[in-house]
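Following this line, the structure appears as structure tokens:
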């Protein structure tokens, strides 16, 4: 189905990897797709969000607020271990980033690949379904956004719902925007 | 952690959420350090037997665990 994705929609999917990794996630979830979506400029998805007075900054702040689990460094501090100091000593011996480069630190995964979880796969599946329902023969950022406005898509849906992005209104906006514009 | 009283307060905290999170993070740190040291030892030509003895585990255990990383 990836060949039906527009260039910008592909950018969103690829960017979700970086988004998840930057947030230290062990899997790419729907909120990482959402974070990636608002990073790609000049898209129909952004135009729809603007229509709801939602900015990329809003969305990114909402995603930041999700990650409230204590960090390793906080947890280790509670038993008197200074992780920054450990890291400093290790890097002195083995070079910059030595500790974080280990397979163990990366959760045992091969470098560069973080799997998409169920919620992220669901977004892409629903994006396809939204495109079909609108009789569009491609999948653009606007369909990815619509795909997020379903309850099965986890955090992305919760963030957008809390920002009052309504599914039926968004669909009408997409239809009208597509009528006058190129897919994006 | 520089503030000793703060450490003492946290360490004496019996909240399992804090204690268990500390153990989990410690285990991850341990795994990273072990991997780094085993890799370094192999690069310096240490045998699996020598590494196992230093880690106080069986040769089979350490070989099985790190062979896949290509050490």
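Residue numbers (this note's numbering), protein chains in the order written: chain H, 3 to 186; chain U, 1210 to 1280.
No residue lacks a Cβ here, since even glycine has one placed at the ideal position from N, Cα and C.
- Of H:144, H:152 and H:158, the smallest CA-CA separation from residue 52 of chain H is found for H:144.
- By the criterion of a C-beta distance shorter than 7 angstroms, residue 107 of chain H is surrounded in its chain by 101, once the five residues flanking it on both sides are discounted.
- Here the C-alpha atom of residue 181 of chain H lies approximately 53 angstroms from the C-alpha atom of residue 1234 of chain U.
- The contact set of residue 1234 of chain U on chain H, defined by CB atoms closer than 7 angstroms, consists of 74, 77 and 78 in chain order.
- Secondary structure note for residue 161 of chain H: its alpha helix (DSSP H) is the uninterrupted segment 157-164.
- The residue among U:1243, U:1230, U:1252 and U:1227 with its C-alpha nearest the C-alpha of residue 1271 of chain U is U:1243.
- The C-alpha of residue 27 of chain H is placed about 34 angstroms away from the C-alpha of residue 174 of chain H.
- When beta bridges are read from the DSSP output, residue 96 of chain H appears opposite no residue.
- Residue 134 of chain H is classed as exposed because its beta carbon has fewer than 16 other beta carbons within 10 Å across all chains shown.
- Taking a Cβ-Cβ threshold of 7 angstroms, the residues of chain U close to residue 104 of chain H are 1241, 1244 and 1245, in chain order.
- DSSP, reduced to helix, strand and coil, places residue 54 of chain H outside both helices and strands of the structure shown, so it counts as coil.
- Just measuring C-alpha positions, the residue of H:20, H:157, H:81 and H:99 sitting nearest residue 1228 of chain U is H:81.
- Exposed is the label assigned to residue 5 of chain H, since fewer than 16 other Cβ atoms lie within 10 Å of its Cβ.
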